[in-house]
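Take a look at the structure set out below.
Numbering (this note's numbering), first residue to last: 3 to 340.
Structure (structure tokens):
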């Protein structure tokens with residue numbers, strides 16, 4: 003058994019026993035192998051290094067109250083990675099192969115799945131990259147799909163606290179009709195400068211408006227936008243430049259289950275003043291409440307500065323209760339591993 007102080011875990015990389023790796027060449031994927039070294043060797047002319055042929059996913063595995071080990075909605079991640087692969091001209095990873103990789107790598111690293119009650123989980127990072135040498139601008143001829151795992155702590159030590167967000171009109175995350183709706187590293191590279199600037203100014207997160215007009219909300223740096231209006235309506239953004247979040251899709255369904263009206267639509271910047279609660283949602287945190295949004299001299303205040311709003315809290319807890327097996331899973335989201 004590995005010895006880990008679960009109470010001190012943060013959200014950072016930790017080497018584990020193995021990762022799993024598959025190679026695509028001559029039009030087909032191989033059977034995959036478990037690799038104990040946390041390194042990869044590739045050509046200095048690899049397509050991922052020169053032309054950005056890469057995409058990734060993020061999902062979590064939980065040890066539930068009854069001891070069962072489950073992944074949360076991995077089929078959705080497989081399907082999203084397939085859409086990204088098509089858009090980046092890479093061979094899609096079939097869902098069956100994606101789930102096979104997940105089971106094999108989690109079982110080989112089962113000692114790294116945190117015990118129930120620690121608030122921790124096993125984070126899974128699937129990665130698809132062009133590893134064949136390619137100097138001319140064209141897709142690579144060989145690809146690698148791998149899946150790494152690492153235990154992660156509770157993102158918020160001491161509970162969820164509201165944060166301030168900032169809008170920079172001089173920076174955009176993704177171009178209109180570009181790659182904003184798929185999970186490629188280029189989107190994150192495009193946000194790094196603004197993200198570091200926001201942190202330097204004391205803002206944990208930045209909010210992006212649409213790149214074409216800067217009049218409509220798109221998403222936070224690494225998370226989807228969502229909120230509750232004064233009448234309890236759940237609202238999230240519809241845009242071709244926003245990554246469809248598995249967490250957001252889950253929260254939408256749970257909001258419906260709880261009797262809330264759900265709207266997926268354009269959200270003008272000026273409408274932010276009308277929200278009772280606003281949050282950023284994603285795999286790492288589920289929901290981060292946002293209490294202030296700054297845009298130059300304009301400051302929009304939303305809800306409490308010290309406590310998560312009751313509706314966001316209810317959704318956060320509903321997702322976590324399903325993930326950790328404390329509540330029924332009516333939609334069959336938990337995929338059994340062991």
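Ideal Cβ positions, reconstructed from N, Cα and C, are used throughout, including at glycine.
Per-residue burial, residue i [other beta carbons within 10 Å of its own, 16 or more giving buried]
{"i": "residue 195", "result": "exposed"}
{"i": "residue 12", "result": "exposed"}
{"i": "residue 271", "result": "buried"}
{"i": "residue 41", "result": "exposed"}
{"i": "residue 7", "result": "exposed"}
{"i": "residue 185", "result": "buried"}
{"i": "residue 56", "result": "buried"}
{"i": "residue 2", "result": "This structure cannot settle anything about residue 2, because the visible part of the chain is limited to 3 through 340."}
{"i": "residue 312", "result": "exposed"}
{"i": "residue 38", "result": "exposed"}
C-beta contact flag for residue i and residue j at 8 Å
{"i": "residue 168", "j": "residue 203", "result": "yes"}
{"i": "residue 295", "j": "residue 209", "result": "yes"}
{"i": "residue 321", "j": "residue 288", "result": "yes"}
{"i": "residue 162", "j": "residue 310", "result": "yes"}
{"i": "residue 60", "j": "residue 15", "result": "no"}
{"i": "residue 132", "j": "residue 49", "result": "yes"}
{"i": "residue 99", "j": "residue 128", "result": "no"}
Other residues of its chain near residue i: CB distance less than 8 Å, five sequence neighbours each side excluded
{"i": "residue 101", "result": "76, 77, 80 and 337"}
{"i": "residue 67", "result": "118, 326, 327 and 328"}
Any non-hydrogen atom of the ligand MG within 7 Å of residue i CB
{"i": "residue 93", "result": "Ligands are entirely absent from the displayed structure, and the ligand MG is therefore not among its contents."}
Where the beta strand (DSSP E) containing residue i begins and where it ends
{"i": "residue 296", "result": "288-297"}
{"i": "residue 1", "result": "It is not possible to answer for residue 1, since the shown part of the chain is limited to 3 through 340."}
{"i": "residue 174", "result": "Premise fails: residue 174 is in no beta strand (DSSP E) and is neither H nor E."}
{"i": "residue 36", "result": "35-37"}
{"i": "residue 88", "result": "First-last for residue 88: 76-89, but that is the alpha helix (DSSP H), not the beta strand (DSSP E)."}
{"i": "residue 210", "result": "207-211"}
{"i": "residue 151", "result": "145-154"}
{"i": "residue 11", "result": "Run containing residue 11: none; DSSP gives neither H nor E here."}
{"i": "residue 284", "result": "277-284"}
{"i": "residue 40", "result": "Premise fails: residue 40 is in no beta strand (DSSP E) and is neither H nor E."}
{"i": "residue 302", "result": "300-303"}
{"i": "residue 338", "result": "336-338"}
Span of the alpha helix (DSSP H) around residue i
{"i": "residue 100", "result": "97-110"}
{"i": "residue 23", "result": "Residue 23 -> not in any alpha helix (DSSP H); beta strand (DSSP E) instead, spanning 21-27."}
{"i": "residue 238", "result": "Per DSSP, residue 238 belongs to no alpha helix (DSSP H); it is in the beta strand (DSSP E), 236-239."}
Helix, strand or coil at residue i according to DSSP, with G and I counted as helix
{"i": "residue 231", "result": "strand"}
{"i": "residue 200", "result": "helix"}
{"i": "residue 51", "result": "helix"}
{"i": "residue 226", "result": "strand"}
{"i": "residue 252", "result": "helix"}
{"i": "residue 127", "result": "strand"}
{"i": "residue 272", "result": "helix"}
{"i": "residue 321", "result": "helix"}
{"i": "residue 312", "result": "helix"}
{"i": "residue 218", "result": "strand"}
{"i": "residue 61", "result": "strand"}
{"i": "residue 73", "result": "strand"}
Close beta carbons around residue i, own chain, < 6 Å, minus the five adjacent residues each side
{"i": "residue 241", "result": "220"}
{"i": "residue 200", "result": "168 and 208"}
{"i": "residue 314", "result": "279, 281, 289 and 291"}
{"i": "residue 54", "result": "188"}
Cut-off 7 Å between Cβ atoms - residues of its own chain near residue i, not counting five sequence neighbours on either side
{"i": "residue 156", "result": "121 and 122"}
{"i": "residue 65", "result": "71, 115, 116, 117 and 118"}
{"i": "residue 218", "result": "211, 212, 268, 269, 270 and 271"}
is_contact[residue i, chain D] using C-beta, thresh 8 Å
{"i": "residue 26", "result": "Within the model displayed, chain D is absent; a lone protein chain is all it includes."}
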